[in-house]
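Enquirer: Quick note: to get our numbering, add 10 to the position in the sequence shown (first position is 1).
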Amino acid sequence: MSLVPEKGNAPIVEDKKQKTRLSVFLPAFLVVGGGAVLGIVNNQLLADISMNGFIGSLRGLGWLYQIISIAALIIVSIVTFSKLGNVRLGGSEAKPKYSFMVWFAMALTGGIATGVITYSVNEPIIYFGDIYGEMAQTGVESGTAMAAIYAMGRSLYNWTFIPYAMYSLSGLVVAYMYFNRKQELSVTGTLTPLFGNKITKGIWPGIIDTLAVLAIALGLASSLGAGLALVGSGIETIYGIPQGPVVWFILVLVITGLFTVSALKGLDKGIRRMSDINAKVFYILLIVLIVIGPTLYILQSTTAGFAYWLQNFWGWGLDPSLIGGEALVMWWTLYDWAIWIAYAPLMGIFLAIISYGRTIRQFMLINWILPAVFSILWFGVFGGTALHWQQNGTVDLVSTIQQSGAVAGLWAFLANLPLAAIIIPVVMIALILSFATAADSMVRAIATLCTVNIRYDEEPAKWKMLIWAVSIAIIAYVMVAFAGGAQGVDGVKYLAALGGSAVLFVFVLQVCSAVKMFFIDKIEK
11 MSLVPEKGNA
21 PIVEDKKQKT
31 RLSVFLPAFL
41 VVGGGAVLGI
51 VNNQLLADIS
61 MNGFIGSLRG
71 LGWLYQIISI
81 AALIIVSIVT
91 FSKLGNVRLG
101 GSEAKPKYSF
111 MVWFAMALTG
121 GIATGVITYS
131 VNEPIIYFGD
141 IYGEMAQTGV
151 ESGTAMAAIY
161 AMGRSLYNWT
171 FIPYAMYSLS
181 GLVVAYMYFN
191 RKQELSVTGT
201 LTPLFGNKIT
211 KGIWPGIIDT
221 LAVLAIALGL
231 ASSLGAGLAL
241 VGSGIETIYG
251 IPQGPVVWFI
261 LVLVITGLFT
271 VSALKGLDKG
281 IRRMSDINAK
291 VFYILLIVLI
301 VIGPTLYILQ
311 STTAGFAYWL
321 QNFWGWGLDP
331 SLIGGEALVM
341 WWTLYDWAIW
351 IAYAPLMGIF
361 LAIISYGRTI
371 RQFMLINWIL
381 PAVFSILWFG
391 VFGGTALHWQ
401 QNGTVDLVST
411 IQQSGAVAGL
421 WAFLANLPLA
431 AIIIPVVMIA
441 LILSFATAAD
451 SMVRAIATLC
461 TVNIRYDEEP
471 AKWKMLIWAV
481 SIAIIAYVMV
491 AFAGGAQGVD
501 GVKYLAALGG
511 SAVLFVFVLQ
521 VCSAVKMFFI
531 DKIEK
């Protein structure tokens with residue numbers, strides 16, 4: 011027998027045998043499986059349906075994405091630096107389980123996935139070279155010194171304080187409602203400040219939590235598919251081994267095996283250790299690039315880029331694409347916001363689980379401020395070096411991307427490093443570990459949400475984690491293998507972003523819940 015939180019102050023006794031939330035598990039699994047089948051039968055149809063829905067949602071809801079992202083940033087700032095930051099998750103007597111370094115490693119690598127590695131080189135170069143028309147409405151001439159500052163500033167805007175504010179807000183709402191107000195460990199529980207306990211009854215819990223599961227499952231599938239194509243292209247470019255179904259199959263086995271074993275071993279024996287290894291790889295890469303890169307230019311361009319972002323804070327932050335144009339705003343910033351918001355509710359559950367016993371201020375330091383600072387350093391070092399090389403003619407990354415696609419610049423960049431023979435394999439390992447550490451935390455969160463009344467310190471059933479891990483891997487492999495590489499993930503990629511549009515309304519309600527619980531209701535210490 012075990013004690014689980016009730017929707018009041020007293021605990022209730024629950025049988026130790028876990029029960030499956032069929033209202034979440036079945037519809038989510040059927041939709042994910044249906045996406046895989048449609049991808050096999052007609053990948054182009056899947057891509058067309060999801061892309062048209064995704065584009066329509068961003069054109070119609072871009073204004074809401076921008077407003078709610080700024081709202082999240084403002085709320086977490088106030089909560090962090092006001093007396094609310096002193097509130098302890100779990101009550102005044104709660105004791106944290108993890109040290110700060112372990113906690114930070116789990117929080118950082120649990121949500122960073124492959125994006126920061128992939129785009130720290132490619133995104134600044136794409137802006138700098140105006141490769142897809144991103145600079146057309148900015149008033150900045152591509153290929154100039156000012157374009158480099160703009161590129162750095164825009165990249166930092168997309169990857170630092172605003173997106174991590176989304177993760178942090180969802181995580182804080184989950185943690186506070188579960189540990190301090192004794193709600194269930196679910197997305198639905200975060201909405202009770204607005205709707206009361208009636209939101210946790212009837213059809214609403216199934217609908218809300220299913221949307222969250224779908225968004226994260228499809229997001230992981232697209233991220234794994236993109237990772238397979240990216241690592242495969244690196245193996246082909248650097249080592250001359252042609253990528254194809256066999257290479258992708260080996261990679262999917264390795265990556266899926268890593269995150270599945272990690273998730274099955276549990277939070278302490280699996281996810282914690284994987285996160286620690288991944289974080290150390292990140293730290294080593296940063297130090298090496300700072301030493302061998304153009305250090306002064308890195309410091310100058312990062313500082314100037316951050317200043318340019320602050321100078322344009324409101325213009326960039328509230329532009330639904332009318333100011334900067336669709337090539338820049340919709341296909342980069344709003345697409346990014348859709349993916350971050352798709353991940354936020356489930357990421358929030360994971361962040362909440364590992365934050366018991368910490369104050370709200372400590373929670374925000376680990377989940378908002380430090381990850382954002384890490385991204386500033388990462389983009390500053392990798393992006394700054396890439397921009398410097400592009401401007402002084404060391405390597406033409408603009409032409410590489412124009413000829414070979416949006417993520418091709420990474421390998422050309424790495425090939426020009428002094429220790430390329432060592433660094434490239436390390437980066438490939440980092441890519442694999444980055445996805446694995448994000449996936450194991452999210453697979454655990456999905457399985458948690460598919461379980462009735464599970465405690466934060468309980469492990470969900472292994473079969474649930476296994477079935478979701480395998481399903482995600484199958485979708486990713488099918489998308490890549492049946493549709494020929496990077497383009498093969500387009501269908502599920504847009505479907506994942508479209509899922510973010512559906513979750514957008516849940517996230518808006520979480521933001522409203524945060525306002526009510528922290529600024530209107532009585533605080534539960």
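Ideal Cβ placement from N, Cα and C applies to all residues, glycine included.
Taking the alpha-carbon of residue 268 as reference, which of 56, 43, 479 and 210 has the nearest alpha-carbon?
Expert: Here residue 268 corresponds to residue number 258 of the sequence shown, with the count starting at 1. The shortest C-alpha separation from residue 268 is found at 479.
Enquirer: Just the C-alpha distance for residue 359 and residue 442, rounded to the nearest angstrom, thanks.
Expert: Stepping through the sequence shown from its first residue, residue 359 is reached at position 349. Stepping through the sequence shown from its first residue, residue 442 is reached at position 432. Cα-Cα distance, rounded: 23 Å.
Enquirer: Going by beta-carbon coordinates alone, are residue 210 and residue 193 separated by less than 9 Å?
Expert: The residue you call residue 210 lines up with position 200 of the sequence shown. The residue you call residue 193 lines up with position 183 of the sequence shown. It is a contact, given that the beta carbons lie within the stated cut-off.
Enquirer: Output yes if chain D places a C-beta closer than 9 Å to the C-beta of residue 415; else output no.
Expert: The chain labelled as chain D is not found in the depicted structure, where only one protein chain is given.
Enquirer: Rounding to the nearest angstrom, what Cα-Cα distance links residue 167 and residue 346 in this structure?
Expert: Position 157 of the sequence shown, counted from the start, is the residue given in the question as residue 167. Position 336 of the sequence shown, counted from the start, is the residue given in the question as residue 346. If I take the Cα positions, the gap works out to 11 Å.
Enquirer: DSSP three-state call for residue 98: helix, strand or coil?
Expert: As a position in the sequence shown, residue 98 is number 88, starting the count at 1. Three-state result, residue 98: strand.
Enquirer: Can you tell me the Cβ-Cβ gap for residue 411 and residue 135, rounded? I've got them flagged as a contact below 8 Å.
Expert: In the sequence shown, counting from the first residue as 1, residue 411 sits at position 401. In the sequence shown, counting from the first residue as 1, residue 135 sits at position 125. Their Cβ separation, rounded to whole angstroms, is 6 Å, which keeps residue 411 and residue 135 in contact under 8 Å.
Enquirer: Distance, Cα to Cα, residue 452 vs residue 439?
Expert: One-based indexing of the sequence shown puts residue 452 at position 442. One-based indexing of the sequence shown puts residue 439 at position 429. Roughly 20 Å separates the two Cα atoms.
Enquirer: Residue 39: which of 223, 63 and 143 sits nearest, CA to CA?
Expert: Position 29 of the sequence shown, counting from 1, holds the residue named residue 39. For residue 39, the nearest C-alpha among the options comes from 223.
Enquirer: Going by Cα to Cα distance, which pick from 258, 152, 456 and 384 is closest to residue 363?
Expert: Here residue 363 is taken as the residue at index 353 of the sequence shown, counted from 1. Nearest of 258, 152, 456 and 384 to residue 363, Cα basis: 456.
Enquirer: Do residue 132 and residue 416 come within 9 Å of each other at the CB atom, strictly closer than that value?
Expert: Within the sequence shown, residue 416 is the residue found at index 406, counting from 1. Within the sequence shown, residue 132 is the residue found at index 122, counting from 1. Yes, the Cβ-Cβ distance between residue 416 and residue 132 is below 9 Å.
Enquirer: Three Cβ pairs or more, each shorter than 8 Å: is that satisfied between the segment 347-356 and the segment 84-94?
Expert: As far as the Cβ criterion goes, the segment 347-356 does not touch the segment 84-94, which means the pair count is below three.
Enquirer: Would DSSP call residue 3 helix, strand or coil?
Expert: With the chain covering 11 to 535 only, the question about residue 3 has no answer from this structure.
Enquirer: Say whether the segment 191-208 touches the segment 516-527, bearing in mind that this needs 3 or more beta-carbon pairs closer than 8 Å, one atom from each stretch.
Expert: With a cut-off of 8 Å, the segment 516-527 and the segment 191-208 count as touching, because enough Cβ pairs lie within range.
Enquirer: In the DSSP output, what is residue 461 paired with across the bridge?
Expert: To locate residue 461, count along the sequence shown from 1; it is residue 451. Note: residue 461 sits in a beta bridge opposite 30.
Enquirer: Within the same chain, show all residues whose beta-carbon is closer than 6 Å to that of residue 527, passing over the 5 residues directly before and after it, in chain order.
Expert: Your numbering for residue 527 matches position 517 in the sequence shown. Closer than 6 Å at Cβ, skipping near neighbours: 203.
Enquirer: Taking contact to mean at least 3 C-beta pairs separated by less than 8 Å, is the segment 296-315 in contact with the segment 390-404?
Expert: Yes: at least three Cβ pairs fall under 8 Å.
Enquirer: Please list the terminal residues of the continuous alpha helix (DSSP H) segment that includes residue 189.
Expert: In the sequence shown, counting from the first residue as 1, residue 189 sits at position 179. Neither: residue 189 is in no alpha helix (DSSP H) and is coded neither H nor E.
Enquirer: Return the CA-CA distance between residue 117 and residue 80, expressed in angstroms with no decimal places.
Expert: For the purposes of this step, residue 117 is taken as the residue at position 107 of the sequence shown. For the purposes of this step, residue 80 is taken as the residue at position 70 of the sequence shown. Those two C-alpha atoms are separated by around 22 Å.
Enquirer: Would residue 474 pass as a contact of residue 148 if the rule is Cβ separation under 9 Å?
Expert: The count along the sequence shown starts at 1 and reaches residue 474 at position 464. The count along the sequence shown starts at 1 and reaches residue 148 at position 138. No, these two residues do not count as a Cβ contact at 9 Å.
Enquirer: Using DSSP's beta-bridge definition, name the partner residues of residue 369.
Expert: The residue given as residue 369 occupies position 359 in the sequence shown. According to DSSP, which records beta bridges pairwise, residue 369 is partnered with 98.
Enquirer: From the DSSP output, in three-state form, read off residue 346 for me.
Expert: Counting from 1 along the sequence shown, the entry for residue 346 is found at position 336. DSSP places residue 346 in helix when its eight states are reduced to three.
Enquirer: Could you check the C-alpha separation between residue 139 and residue 109 for me, to the nearest Å?
Expert: Residue numbering aside, residue 139 sits at position 129 when the sequence shown is read from its first letter. Residue numbering aside, residue 109 sits at position 99 when the sequence shown is read from its first letter. Roughly 43 Å between the two C-alpha positions.
Enquirer: Given residue 525, which residues of its chain have a CB within under 8 Å of its CB, disregarding the five upstream and five downstream residues?
Expert: As a first step, residue 525 is located in the sequence shown; it is residue number 515 there, counting from the start. Cβ within range, chain order: 85.
Enquirer: Is it the case that the Cβ atoms of residue 99 and residue 155 are separated by a distance below 9 Å?
Expert: Along the sequence shown, one-based indexing puts residue 99 at 89. Along the sequence shown, one-based indexing puts residue 155 at 145. Contact flag unset, no.
Enquirer: Smallest Cα separation from residue 127: which of 230, 485, 487 and 291?
Expert: On the sequence shown, position 117 is the one that residue 127 refers to. Nearest of 230, 485, 487 and 291 to residue 127, Cα basis: 291.
Enquirer: Taking a contact to mean a Cβ-Cβ separation below 9 Å, would you say residue 90 touches residue 375 in this structure?
Expert: On the sequence shown, residue 90 is found 80 positions in, with the first residue counted as 1. On the sequence shown, residue 375 is found 365 positions in, with the first residue counted as 1. Yes. Within cutoff.
Enquirer: In three-state terms, what does DSSP make of residue 106?
Expert: As a working note, residue 106 is residue 96 in the sequence shown. Looking at residue 106 - three-state DSSP - the assignment turns out to be coil, as it is neither helix nor strand.
Enquirer: Scan the segment 277-355 and note each continuous alpha helix (DSSP H) run of 4 residues or more that stays entirely inside, going in chain order.
Expert: Runs of the alpha helix (DSSP H) inside the segment 277-355: 282-302, 305-321 and 323-327.
Enquirer: For residue 195, which three-state DSSP category applies?
Expert: Residue 195 sits at position 185 when you count from the first residue of the sequence shown. Of the three classes helix, strand and coil, the one that applies to residue 195 here is coil, per DSSP.
Enquirer: Quick check on DSSP: helix, strand or coil for residue 16?
Expert: In the sequence shown, residue 16 corresponds to position 6, counting from 1. Caution is warranted here: a pLDDT of 36 is assigned to residue 16, below 50, making its placement in the model unreliable, and the coordinate value is therefore given only provisionally. Residue 16 falls in the coil class under three-state DSSP.
Enquirer: With 16 as the cutoff for other CB atoms within 10 Å, does residue 574 come out buried or exposed?
Expert: Because the chain here runs from 11 to 535, residue 574 falls outside it and cannot be looked at.
Enquirer: Are there three or more Cβ pairs, one per stretch, closer than 8 Å when the segment 243-258 is compared with the segment 62-79?
Expert: They do not touch, by the three-pair rule.
Enquirer: What span of residues does the alpha helix (DSSP H) with residue 252 cover, start to end?
Expert: Your numbering for residue 252 matches position 242 in the sequence shown. Run containing residue 252: none; DSSP gives neither H nor E here.
Enquirer: Here's the rule I'm using: 16 or more other beta-carbon atoms within 10 Å means buried, otherwise exposed. How should residue 449 be labelled?
Expert: Along the sequence shown, one-based indexing puts residue 449 at 439. Buried: at least 16 other Cβ atoms inside 10 Å.
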